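Engineer: Residue numbers (this note's numbering), protein chains in the order written: chain G, 1 to 115; chain B, 1001 to 1113.
In this text, a Cβ means the ideal position worked out from N, Cα and C, and glycines have one as well.
Since the model is a prediction, treat every value here as computed from it, not as a measurement.
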Amino acid sequence: GAGVSQSPSNKVTEKGKDVELRCDPISGHTALYWYRQSLGQGLEFLIYFQGNSAPDKSGLPSDRFSAERTGGSVSTLTIQRTQQEDSAVYLCASSGGLAGLYEQYFGPGTRLTVT
Amino acid sequence: AQSVTQLDSQVPVFEEAPVELRCNYSSSVSVYLFWYVQYPNQGLQLLLKYLSGSTLVESINGFEAEFNKSQTSFHLRKPSVHISDTAEYFCAVTGNAGNMLTFGGGTRLMVKP
């Protein structure tokens, strides 16, 4: 079946603007994760959704970052008032279903460049 | 808290030579371990995993890794590499309630002809 999809694949924005990044998980997967990959920080966990439970936001770097997951499926990561240090590849992953909760499958990522 | 250390940031190797990419972890709880591979300009792909059972796990393209609890290691090995194995390899661990992955810094495998 279809894998995790993310849009846009690339986003260039000016400092101070808001951006929205979208993730479509694998159908039937109950868990959804956002990670960030940057040269200086490597791969970092941002936020985790599991079913209808409250999300685990412990990895969000500041209150400019937020995410929501509608209907237990699609998720949107929003970054307000973007800064240059937000430039990174934002990766979404999902897990659950027959593969089990521990195997996470990643999307291709959204490359965000803040100018 | 969990952490993962990949001791080598880059590993150059000639084609058909063996390779070992090292991964050590620390965790206060039971762990599940993974290796992900990232080819140039692509996303992360799950290469292999240890969840339980046999401590030696294998991938479909000839890689294997062994979970060693006493040494807190999960090293990745391949007896004979190909040019197409050139990529960055990430070791990751989970085991906490949230199941989020903690990644190592990555090892860039560079296979030379």
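With H, G and I counted as helix, E and B as strand and the rest as coil, what does DSSP make of I1060 of chain B?
Structural biologist: coil
Engineer: Relative to chain B, which residues along the stretch 16-49 of chain G have a C-beta separation below 7 Å, given in chain order?
Structural biologist: A31, Y33, G42, L43, F45, Y48
Engineer: Just to make sure I have the definition right: I need the residues of chain G whose C-beta is within less than 9 Å of the C-beta of N1099 of chain B. Which are they?
Structural biologist: In chain order: A31, Y33, Y48, Q50, S95, L101, Y102, Q104.
Engineer: Any beta carbon from chain B within less than 9 Å of L91 of chain G's own beta carbon?
Structural biologist: yes
Engineer: Going by beta-carbon coordinates alone, are A93 of chain G and Q41 of chain G separated by less than 9 Å?
Structural biologist: no
Engineer: Opposite A93 of chain G in the DSSP bridges: which residues?
Structural biologist: G:Y33, G:F106
Engineer: Whole angstroms are fine: how far does the CA of T78 of chain G sit from the CA of D24 of chain G?
Structural biologist: 15 Å
Engineer: So which residues on chain G does Y1032 of chain B lean against when the C-beta distance must stay under 8 Å?
Structural biologist: Y102
Engineer: Which whole-angstrom value describes the C-beta separation of L1044 of chain B and F49 of chain G, a residue pair presumed to lie in contact below a C-beta threshold of 8 Å?
Structural biologist: The C-beta distance from L1044 of chain B to F49 of chain G rounds to 19 Å, too long to meet the 8 Å contact threshold.
Engineer: Quick one: what does DSSP say I1083 of chain B is sitting in, helix, strand or coil?
Structural biologist: helix
Engineer: Distance check for P1079 of chain B and G1062 of chain B, CA to CA, integer angstroms please.
Structural biologist: Distance between the alpha carbons of G1062 of chain B and P1079 of chain B is about 8 Å.
Engineer: Could you compute how far the alpha carbon of T1094 of chain B sits from the alpha carbon of T1102 of chain B?
Structural biologist: 6 Å
Engineer: Is there contact between the stretch 25-40 of chain G and the stretch 1012-1019 of chain B, where contact requires at least three CB pairs shorter than 8 Å?
Structural biologist: no
Engineer: Whose Cβ in chain B lies nearer than 8 Å to the Cβ of P108 of chain G?
Structural biologist: For P108 of chain G, the chain B residues whose Cβ falls inside 8 Å of its Cβ are Q1042, G1043, in order along the chain.
Engineer: Determine the extent of the beta strand (DSSP E) in which C23 of chain G is found, giving its start and end residues.
Structural biologist: 19-24
Engineer: Using a cut-off of 7 Å between C-beta atoms, extract the partners of F1103 of chain B located in chain G.
Structural biologist: Listed along the chain, the chain G residues whose CB falls inside 7 Å of the CB of F1103 of chain B are G42, L43.
Engineer: Hey, L43 of chain G and L60 of chain G: beta-carbon distance below 9 Å or not?
Structural biologist: Contact flag unset, no.
Engineer: By alpha-carbon positions, which one of G:D63, G:R64, G:R36, G:S73 ends up nearest to N52 of chain G?
Structural biologist: Cα-wise, what sits closest to N52 of chain G is G:S73.
Engineer: Would a check of beta-carbon distances place F1074 of chain B closer than 9 Å to chain G?
Structural biologist: no
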